[in-house]
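**Student:** Below you will find the structure I want to go over with you.
Residue numbers (mature numbering (1 follows the signal peptide of the UniProt record, and there is no 0)): -19 to -1, 1 to 492.
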């Protein structure tokens, strides 16, 4: 690896000395090459290496905190090209990673460290629908998939809200969306997939074919190969009511009471919450007197406003009178736009405009159904939000997403349905902070970690899990396994030994 990195640096220095950034083919002709890049060039993959005009843009991470430098990036046009790239990585001893949307919070698509081969799936964008089954190339982003399904039969899937998130990492590691309590995680809706494993083989995996690989790839997909396409069981796109109840006048104590009421309402064993409800809490800095805004929001699918009002009346009795209320009747695609924070369907087509970037740190907590957040932890968390959170230049937010409660499909499925390892979760909390130039990385990270610490230190008897799609960039492999796959790690390690014994597909938190 050192030799490849040194060669990459030499390539850059040499091209700079020549006075311009030039393509790899020209660099090679002038005598500057690496075994990896030579192999990729011979395979017809036209690698982008440091020194190429496109390298800086192509290797730019979504999370600008983590500007890892790949040994090369390639853009195969089909699974055979992906296979060739993987074989080149294996042949030259360079670790390989896939990039679907590139939204890994730890920049693992770029390797999570310098010197990896990034196989970018941007050109694998096929989309098709046969009956109720949709098949999607892994280079598609969630916006592309949602728009295609809507325009081709008014079909839908449960998935996340950001249009630029790649379907590969999202479906391969879980994939929560507001309809997931009714339809399951995106990984749960996948019926089969095509994957290139570490030996370069192109395999089909499903519950009946390479079933152990399918189990691993729908929950820990980044570790087991490069998924090139997914087939999923789609659903009829539903109309809905988007609701939001904002409480600008809350202080820390009142917000803590609000969370306690929210989780009791969501997890009521007698008056079970309809699985058609997608429910959240948002907490973030705002213009309220306390400097922090608390809101309860979500989407109720397939109902009218009267049903929303009657459903949430018991919760609002506990929460008090909202500062403002919003109820919006929406068809499916309007709901997708609303949740994405965009205005037109063209903004779901991610081929029309480049993605944005951020400089941030994020982490998460799964609060289990069997052990909801206790009063001490809740009080400490909101004292942190309304104390340090109201006086920081870190632009932060926290989102509480309901997974369980009632007869949630996520929670009621067998815990070993796939490698996703948090079927016992009542809800997740994502803690996210954009770190400005005026704040050091260390201080920004410590501020966000303080949120999670407030919960865990006040509920030490609970072994909190975390969501791998909000991956914490600070974790060692051992810590990540404990947090993301506590009951599945041993099986995943065994399967990793089977499908990738030489750790060709690899990143710092891998098995």
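No residue lacks a Cβ here, since even glycine has one placed at the ideal position from N, Cα and C.
Flag this pair as yes or no: are the beta carbons of residue 213 and residue 114 separated by less than 8 Å?
**Tutor:** yes
**Student:** In chain order, what residues of the same chain have a beta carbon less than 8 Å from the beta carbon of residue 323, not counting five sequence neighbours either side?
**Tutor:** Excluding residues within five positions, the ones whose Cβ falls inside 8 Å are 144, 329.
**Student:** Taking 6 Å as the limit between beta carbons, can you name the residues of its chain near residue 88, skipping five residues before and five after?
**Tutor:** 42, 44, 47, 49
**Student:** Distance, Cα to Cα, residue 337 vs residue 123?
**Tutor:** 15 Å
**Student:** With distances taken between CB atoms, is the gap from residue 82 to residue 146 smaller than 8 Å?
**Tutor:** In contact: residue 82 and residue 146 (Cβ atoms closer than 8 Å).
**Student:** Can you name the start and end residues of the beta strand (DSSP E) that residue 183 belongs to?
**Tutor:** 183 to 187
**Student:** Threshold first: 4 residues or longer. Then list the alpha helix (DSSP H) segments lying entirely within the segment 421 to 481, N to C.
**Tutor:** 422 to 437, 458 to 465, 470 to 480
**Student:** Could you check what DSSP says for residue 269 in three-state terms: helix, strand or coil?
**Tutor:** coil
**Student:** For the segment 17 to 79, which segments carrying the beta strand (DSSP E) assignment without a break, of at least 3 residues, lie completely within its bounds, in sequence order?
**Tutor:** 53 to 55
**Student:** Can you tell me where the beta strand (DSSP E) holding residue 357 begins and where it ends?
**Tutor:** Looking at the DSSP string, residue 357 is not in any beta strand (DSSP E); the run it does join, the alpha helix (DSSP H), is 356 to 367.
**Student:** Which residues in the same chain as residue 158 place their Cβ atom closer than 6 Å to its Cβ, once the five residues preceding and following it in sequence are excluded?
**Tutor:** 139, 140, 141
**Student:** Beta strand (DSSP E) containing residue 376: first to last residue?
**Tutor:** 376 to 383
**Student:** Mapping DSSP to helix, strand and coil, what is residue 396?
**Tutor:** coil
**Student:** Would you list the residues sitting across from residue 175 in a DSSP beta bridge?
**Tutor:** 185, 210
**Student:** With a cut-off of 8 Å, do at least 3 Cβ pairs link the segment 304 to 323 to the segment 218 to 237?
**Tutor:** yes
**Student:** Under three-state DSSP, which class holds residue 169?
**Tutor:** Residue 169: helix per DSSP, three-state reduction.
**Student:** Whose CA, out of 72, 53, 363, 58, lies closest to the CA of residue 97?
**Tutor:** 53
**Student:** For residue 163 and residue 24, I'd like the C-alpha separation in whole angstroms.
**Tutor:** In this structure, the alpha-carbon of residue 163 lies about 45 Å from that of residue 24.
**Student:** If you reduce the DSSP assignment to three classes, tell me which class residue 146 lands in.
**Tutor:** coil
**Student:** Using 10 angstroms around the beta-carbon of residue 15, count the other beta-carbons present and answer buried if the total reaches 16, otherwise exposed.
**Tutor:** buried
**Student:** For residue 199, which residues from the same chain have a beta carbon less than 6 Å from its beta carbon, with the 5 sequence-adjacent residues on both sides left out?
**Tutor:** 168, 171, 399
**Student:** Within the same chain, show all residues whose beta-carbon is closer than 8 Å to that of residue 261, passing over the 5 residues directly before and after it, in chain order.
**Tutor:** 159, 277, 278, 279, 380, 381, 382, 383
**Student:** Would you identify the three-state DSSP class for residue 151, choosing helix, strand or coil?
**Tutor:** DSSP places residue 151 in helix when its eight states are reduced to three.
**Student:** Within 10 angstroms of its Cβ, does residue 85 collect 16 or more other Cβ (buried), or is it exposed?
**Tutor:** buried
**Student:** Can you pull the DSSP bridge partners for residue 114?
**Tutor:** Residue 114 is bridged to 111, 214.
**Student:** Which first and last residues belong to the beta strand (DSSP E) in which residue 414 is found?
**Tutor:** Here the beta strand (DSSP E) through residue 414 covers 406 to 415.
**Student:** Can you give me the start and stop residues for the beta strand (DSSP E) that residue 310 sits inside?
**Tutor:** 305 to 311
**Student:** Tell whether a beta-carbon distance below 8 Å holds between residue 26 and residue 197.
**Tutor:** no
**Student:** For residue 247, which of helix, strand or coil comes out of DSSP?
**Tutor:** The answer is helix: DSSP assigns residue 247 an H, G or I state.
**Student:** For the beta strand (DSSP E) that contains residue 401, what are its first and last residues?
**Tutor:** Per DSSP, residue 401 lies in no beta strand (DSSP E) segment and is marked neither H nor E.
**Student:** Would you call residue 268 buried or exposed, if buried means 16 or more other Cβ atoms sit within 10 Å of its Cβ?
**Tutor:** exposed
**Student:** At the level of alpha carbons, what is the spacing between residue 403 and residue 432?
**Tutor:** 20 Å
**Student:** Per the DSSP calculation, residue 226 is bridged to which residue(s)?
**Tutor:** 277, 306
**Student:** By how many angstroms is the C-alpha of residue 36 removed from the C-alpha of residue 2?
**Tutor:** Residue confidence for residue 2 is low, a pLDDT of 48 falling below 50, so the modelled location carries little weight; the figure read from the coordinates is stated next. A direct Cα-Cα distance of roughly 9 Å separates residue 2 from residue 36.
**Student:** Mind the definition here: the segment 179 to 193 touches the segment 64 to 75 only if three or more C-beta pairs lie below 8 Å; say whether that holds.
**Tutor:** yes
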